[in-house]
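Beneath this line is the structure, given in structure tokens, with notes to follow.
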Amino acid sequence: MNFFNKQKQNIKRIAFLFTGLAFIACTFDDESDPNRPSLEGVLSEATVNQLNNLVVGVEATMRAGKAGQTTGSGTMARELYLFDADPRNTGDLLGANGAVLDNNSFYSSSPWRSRYLAIKNANILLEAINNTDAITSSQKAGYSGFAKTIIAHELIDVVKSFGKARVDVSDPSNLGAILNENEAYSAIDTMLDQAASDLNIAGGSFAFPLAGFNGFDSPSDFLKFNKALKAKVALYSGDMAKCLSALSESFLDLNGDLSIGPKHVFSLGSGDQTNGLYKIIDNNGDQIIVHNSFINDAETGDLRVNNKTVIRSNPTGQDDLSGSHQTALYVTNVSSIDIIRNEELVLIYAEAKILSDPSEAENAINIIRASAGLASYNGLTSQAALTTELLHQRRYSLWCENHRMYDLRRYNLSSTLPIDRPGDQVFNQFPVPLTENE
Amino acid sequence: MKKFQKSFFGALFLSLTFTFFSQLNAQQISGMVMDEDSNPIPGVTVIVEKTNEGSITDFDGNFKVNANQGDILVFSYIGYATIRKEVSNSDLSIIMSVSNTQLDEIVITGLGTSVKRSNLANAVGTVSSEELVGKTNQSTIDGALYGKVTGVNITSSSGAPGGGFALRLRGISSINGNNQPLYIIDGVYLNNAEIPSGLRFASGANRGNEENAPNSLADIDPSDIENIEVLKGASAAAIYGTRANAGVVIITTKRGKEGKTLINFNQSVGFNTILKKIGMRPWTSASVTDAFGSAEAQLFNQAVNSPTGLIDYEDLIYGEQGLVTDSKISASGGNEKTKFFIGTSYRDEDGIIKNTGFDRFSIRANIDYEISDTFDLSLSSNFTQSESRRSFTGNENEGGLSYGYTLAFTRPWINLNPDSTGTYPNNPNYSGNPVFVRDKAINDNNNNRFIQSAKLTTKLYDGEKDRVRMIWNGGIDFLANETYVYVPESHQAQNGADNGFIGVGKNNFKNYNFMGIAVWNRDALSGDLALTTQAGISNLIKDTDLIFNQATQLIPGQTTLGQGSAQSISQTQSLIKEFGYFGQIEGNYKDQFIGTAGYRVDKSNLNGDPNKFYGFPKASLAINLQNFDWWNFSKIDQFKLRAAYGETGSSASFGSVFTSLNQISIGGVGGSTIASLKGDKDIEPETSKEFEAGIDFRLINKIGVQLSFYDRNVKDLILSRTLPTSSGFGTETTNLADLKNSGIELGINIDAINNNSFSWNSGVQFWFNRSEVTRLGVPAFPQPGAGFGLGLGTFYIQEGQPVTQLVGNVNGTPTQIGDVEPDFQMSFNNQFSIGKNLELSFLIHWKEGGENINLSRLLTDLGGVSPDLDTPEGSTRSGLGFVAERFIEPASYMRLREAAIYYTLPVNSLSWISNDISSVRIGLSGRNLITVTDYSSYDPETSTNGGSGLSSGIEVTPFPTSKQYMFNLNVKF
């Protein structure tokens, strides 16, 4: 009997232990990211502090990928070469040996991705201000005017590089269609006007600071930047009247300092970035080399060549290309890059005037020439001749600033570019990245 | 009740009577058990067949047991052939011989119980200590497994000292997640992370896995290992649940044995040298002019006519003979109650590049203590300190640091050696001077690691038919890792820009795991059916804190963080918690039918719903035909049919659930920018379902064959697909695809000759795997981080194609250009022993098929230094432009992985030194001695993206592989 009892007891013990194990359990809490703030956190009841963090994000990411976008289009426009570790810079971009531009390589994917990163940050800001009570309506108009203007600015850069752009991108699971150049510009123009009306009711100051917009950081001054962009879009769309009208509301000053304008600023601070277009003088293995035609086609005494380039003390070549000069456009790795400056506005003004008022166009061109140490223009004043002279001035005033490739493309002059090596080809537009599932 | 009582007591009385009467005839049988050298063997189990009577031999090999005349005594001991002898009147003298059969071997399946190999329903790969490190000195565990387990594809990611290997068990398990198996050492979940050092911020490499970081498995000393069991697929590993998709490697370290204390001393000395050099292009004045112009040709002529001549930079950088020394001493022994194994070792290995190397100090104490009849305690403690100096190799962008990259643009007539004042000239053709980087730049990785495991077994109940015990097993793996990267401000690419780079990482990993199991053994059906039921819980916590500090703009000559005026810090923390229940029933009917069924449920805070349990079932059946009564093929010792099914899981990586904002600044003000990864709140784990079937048989006690077929389906693969970047996001991770792997594994072991003067044991293994993406919820895409775009060739995820395919743009369309999966692999393992003292062995590994993308050659072509550019083949190739077909190369190879010759000094030849010396063995051995391959670069085994994910097969200027020659001395006391 005892024997059986002991058995039963043991079996009971065993069973208890088994079930006891089953009760040892734990509940896990829903995790939140221990390392960073969440997106959901700013999309509802954001504080002014959080909104301003997003503004910093917008302004900071406007600089993303700038260097690559500039050197990519600059290479294709034969205004420079980039000699560095990636052979595609001297290969694919110049169409070497029958290459085609790849829609999945960095030169296509990076500029597109970088511009849309800034656009996304601005869209997050727009969504955040619509879901918070922490700001007044004029402050909200200030944020909105800022964000929409920046989105327009970024989209212009997308169109310049790719010939198309996707404008409606605020909902990541429901992206709008990719628009062609004309449709895109029309949408950008509308966006700029919406931003302008926001800025008009934004009061006397913004609720947020800006880093590179000294002189443009109040709603009324920022509006001048908005109008400058509107003029640019109008010029690219071919509407000269709208362009001139916008210019009159912008910060264009024919007699003023040509370098005035908002800038991308850089620093060595934590989380910040440096100017990627700055290169160490005479370095090897990472250089922006000036295309020899830029040196050879210049008018004697053009100060822009002396200011922006410097001769290399040891000549360098890569992949059968070579050049005598290297970039000196940026003095240090924290030199700022102009977003748009008065000099460009003068050039836009000149271009807009060519058809309607050629002598005024010539005056504007002479302002540029004078600043470059050149005598006044004394060539033909036909539309074709003035256009050629204008494009020449744009080529030198805006060297290595992501303008040349688009300027030639919009005038159908890309085929006039020189071929450096047999088998090279001229490309004037980047393919929309593969990830867009076009 | 009365009737029952009556009959019960009647039966009891009768059985007692019988026992009494049988005891009358019983007598005490005694005897002694010895081995073939007349040494007594303690601990041999002596059982009277068909009873419960039994005993164990003592220190002197003596035993006493109660048995009747005519009873059969069964003598069994691990490693020796079981002997059955009939009881006779006189004392028994039993001689046991070492058994080459592995039928009686015990295999640990990861739970509370172990199984005899002959009863196993899975093809579990076992590697003994002898197979692992017995032939030649091995640096790391993963590197020691080559060619020893079928179904395992091991690819070295880097030739750097301290290794780095990608192990794939039965093919790719996950595209984005972990492909490395789960490593468990004495019950502790081991941390095998590859920790990036942040050097990509100096070199421009794209991501952490391009930094060529060492694998923290390198901290474990392979010679501490008693054996390794590899559970290759879900059917074997199901009981590990949510961490086991890529298989499980169970490592058991050495433990003491009862008896005399044995001291083992091992000293190895040798050197590393580069396995294969690519060589220098045969420059002539004409070819220099052709390539670079006449100005360059002048420099060439000057150099040729100067005393130094042309400099072979490949030899200058990679030509060191790295000295390797490895010293180990261990003591093991114990008595009935306590057994111990204590060992310590120090390995110092120099690499083939000056100033690189790997050293490791390890000390271990394994104690087994039988507290009482009820309690049994096992403790394993291991402290390791290791340092890995790997310098700079692999991919980069303009950093001027990676040797391979720099060498591709460095010309032999340019002298980059320092001048008499110690100044290093700038490299006119690339952004760095490799000699300067070798001498002045630092990339170090330091680990301080402590692994402690404890196992408490409690015998709750020990009866005739039932035995119940509880096992509590757990441990910690604590790793304090420090990384240090230093690039002086005088480096060519730093000067005037970042002005120096210091990167200091302090990374702490604390892994805790705990398992509680209750095991119930029951002998049912009067001993014919052995039932083992077990159930338990398992708990895992991984606490990680990674801190990276970077300083640039350094004060000249300074090497500490505070001396840089531009500083940046980043910290990443993660806390992973997992919890599960499991249970299994195994039934063994007379060793004829062995069936198991089990189930595990797991939850993890890595999944979208942290409290949702995911279930993983398993079932298996093994039939040992040779144990059936009707079996009378005497020549066939074993014929087993087996089949198994199981499911495992793999959770998403930490952070997949979150959509977050990153820190960014401008103008001195900080702010937020959207992070590129879009999170998925509903993410689920990947699950793998595997079915395996096989036949094992053994003939004439000499030939053993294991044949397995497996079919593995991985569902709900977590993919990070690139989103349209116009959405503002770069990637999103979500469950999108299914994958299938199937293959065959065949292992043959032949004991060809076995006599006193000559013996030969040979093993041949053959295996292959094929994969296919069976479902893809999105259009085909190039896998991010596994290639450099369709222009150069990349891994490409496409429905209906192997997951290992390489695809590139051919005429603008993505086309398959290759596949890294080998057609098949074979290994040939041979051991000879000649006379009593000489042993010879070698291991050949053959990988056939599989292609690599060789981007190193792209760079050397660009730089004009590829050796074959003067041949028609070379110049055609370099004229092709950037087309993906240009870089694809077949990567088959046959390699003599290990070879050794050992001489055991005759017994007592060194007794004049000390009487305690019981054996002395000296030998020569080598690793990676000969490679036969058509691959043009250093090693067809290469990976520019480290060991996890879809990585192997893409090469960008790696650390060249080396071969090793060693002299070994082993003294046993």
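So the protein sequences, as listed, match chains A and B. Sequence positions in the first sequence follow this note's numbering and run 1 to 438. Sequence positions in the second sequence follow this note's numbering and run 1 to 973. Note that beta-carbon positions come from the ideal geometry of N, C-alpha and C, so glycine has one too.
Per DSSP, K702(B) lies in no beta strand (DSSP E) and is assigned neither H nor E. For F795(B), the uninterrupted beta strand (DSSP E) run begins and ends at T794 to I797, by DSSP. Along the stretch 948-965 of chain B, none of the residues has a CB nearer than 7 Å to a CB of chain A. Annotation: the continuous beta strand (DSSP E) that includes H845(B) extends over L838 to E848.
Considered as a whole, the stretch 120-201 of chain A harbours 137-162 and 181-200 as its complete alpha helix (DSSP H) runs of no fewer than 4 residues, in chain order.
Burial state of W912(B) is exposed, judged by a 10 Å Cβ sphere holding fewer than 16 other Cβ atoms.
DSSP lists I594(B) and R642(B) as the bridge partner or partners of A622(B).
By the neighbour-count definition (other C-beta atoms within 10 Å, threshold 16), G500(B) is a buried residue. When Cβ-Cβ separations below 8 Å define contact, E210(B) makes no contact with chain A.
Interface criterion not met: the Cβ of P422(A) is under 8 Å from no Cβ in chain B.
Sixteen is the threshold: since fewer than 16 other Cβ atoms of the shown chains lie within 10 Å of the Cβ of F59(B), the residue is exposed. Remark: three or more beta-carbon pairs, one from each stretch, lie closer than 8 Å, so the stretch 184-197 of chain A and the stretch 156-173 of chain A are flagged as touching. Of the candidates T149(A), T61(A) and E127(A), the residue whose Cα lies closest to the Cα of D198(A) is T149(A). For the stretch 59-81 of chain A, the beta-carbon criterion of a distance under 8 Å to any beta-carbon of chain B is satisfied by E59, A60, T61 and R63.
Just so you know, the alpha carbons of E692(B) and G646(B) end up roughly 9 Å apart. Proximity to L625(B) across N176(B), P40(B), F639(B) and T794(B) peaks at F639(B), based on C-alpha coordinates.
Taking a 10 Å sphere around the C-beta of L880(B), we find fewer than 16 other C-beta atoms and assign the residue as exposed.
At least 8 Å separates the beta-carbon of Y240(B) from that of V249(B).
Counting along the chain, the unbroken alpha helix (DSSP H) around R857(B) starts and ends at L855 to G863.
For L190(B), the number of other beta carbons within 10 angstroms of its own is at least 16, and it is reported as buried. Taking C-beta separations shorter than 7 Å and ignoring five residues to either side along the sequence, the partners of D286(A) in its chain run D84 and K279, following chain order. Comparing alpha carbon positions, the residue from D35(B), A652(B) and E732(B) closest to L677(B) is E732(B). Looking from the CA of A121(B), the closest CA among S604(B), Y710(B), T871(B) and T804(B) belongs to Y710(B). When DSSP states are grouped into helix, strand and coil, I47(B) belongs to the strand group. Out of A384(A), F266(A) and R341(A), the CA that lies nearest to the CA of L210(A) is found in F266(A). When C-beta atoms of the stretch 460-479 of chain B are compared with those of the stretch 510-526 of chain B, three or more pairs fall below 8 Å, so the two segments count as touching.
For Y116(A), the chain B residues whose C-beta falls within less than 8 Å of its own C-beta are T725, S726, S727 and G728, listed in chain order. In the displayed model, T75(A) falls within a helix according to three-state DSSP.
With contacts defined as CB atoms closer than 8 Å, V58(A) and A122(A) qualify as a contacting pair.
Residue range R404 to R410 is occupied by the alpha helix (DSSP H) that includes R410(A). Secondary structure note for E130(B): its alpha helix (DSSP H) is the uninterrupted segment S129 to V133. Here the alpha carbon of Y411(A) sits roughly 9 Å from the alpha carbon of L391(A). Counted as a single uninterrupted DSSP element, the alpha helix (DSSP H) harbouring N305(B) occupies residues S294 to N305. For H392(A), no beta strand (DSSP E) encloses it; the enclosing alpha helix (DSSP H) starts and ends at Q383 to S397.
Residue range L92 to M96 is occupied by the beta strand (DSSP E) that includes M96(B), with no alpha helix (DSSP H) assigned at that position.
In the pairwise beta carbon analysis, the stretch 428-443 of chain B is classified as touching the stretch 403-411 of chain B: at least three pairs are separated by under 8 Å.
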